Amino acid sequence: MKDQLAFYAFFFLLYACFAALSSAQDFDFFYFVQQWPGSYCDTKRSCCYPTTGKPAADFGIHGLWPNYNSGSYPSDCDPDSPYDASQIKDLIRRMQEKWPTLACPSSEGHHFWEHEWEKHGTCSESILDQHSYFQAALNLKNKINLLQILKDRGIEPDGGNYEVSDIKDAIKDATGFTPWIQCNVDEGRNSQLYQVYMCVNTSATNFIECPVFPKGRSCPQEIEFPVF
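When you line the sequence shown up against mature numbering (1 follows the signal peptide of the UniProt record, and there is no 0), it's residues -24 to -1, 1 to 204, in that order.
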């Protein structure tokens, strides 16, 4: 009987360890995505400035998205963990500055952040609670000044056209890691610099080389960097 109890105790401990390990490995890395507001607004659908006013002419955070090495990603992982603005009240001012909404109708930003937390953030809860998730994204934003990196290489948001390879090289030379560039099109169907993806480790503390890049249409060789 004692041997049987010992066996079950060992089995339960082994299962608990395996479950904990599996929980800690719910995803393989994050995409940290920043978007250029001029490109978001310079489209057929246009944009609306947040109720706090026009954002700065700078790359803004779009999201911090858990991903798998296979290229797929988890989403909407915990419906029992809704967005709660009271948990991040000390971050709101910085989020309005660094993570502004441009969606219509104009808003303060909570709907945007709610979407990001509930779709993406809940899939990292084994590592980051709600406050830690938003704090981590803000910290990553502080680590990489995309606009200054590009300006230092003569790539300005002046409505001019630039080689995608030059944009990638500028970011890689400054950070040590290869970015993925996403384009969209303006009303005249011209391709423009829209979003920059960088990869981050599972603790959301450091940039890493991307295990895989997003699937989707690549940008043409030359793209516009619109004014905002």
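Built from N, CA and C at the ideal position, the CB exists for glycine as well.
Small disclaimer: the values here were computed from a predicted structure and weren't measured.
| Check | Outcome |
| --- | --- |
| Does the Cβ of Ser194 have 16 or more other Cβ atoms within 10 Å, making it buried, or fewer, making it exposed? | exposed |
| Leaving out the 5 sequence neighbours to the left and right, which residues in its chain are closer than 6 Å to Asn166 when beta-carbon positions are compared? | Glu200 |
| Quick one: Cα of Leu114 to Cα of Pro42, how far? | 16 Å |
| With a threshold of 6 Å on Cβ separation, who are the neighbours of Leu116 within its own chain once the five nearest residues in sequence on each side are excluded? | Phe8 |
| Take the Cβ of residue 293 as the centre, count every other Cβ of all protein chains shown within 10 Å, and call the residue buried at 16 or more, exposed below. | An answer regarding residue 293 cannot be provided, because it is not within the stretch -24 to 204 covered by the chain. |
| Given a cut-off of 7 Å, decide if Asn160 and Ser22 are closer than it, judged by their beta-carbon atoms. | no |
| Would you check if the region 146 to 163 and the region 171 to 190 touch, i.e. whether three or more CB-CB distances between them fall below 8 Å? | yes |
| Please tell me whether Pro31 and Pro13 are closer than 7 Å, where the distance is taken between their beta carbons. | yes |
| Assign Ser(-3) to one of three DSSP states: helix, strand, or coil. | With a pLDDT of 40 at Ser(-3), under the threshold of 50, the modelled position of that residue is not reliable, and no figure is offered here. |
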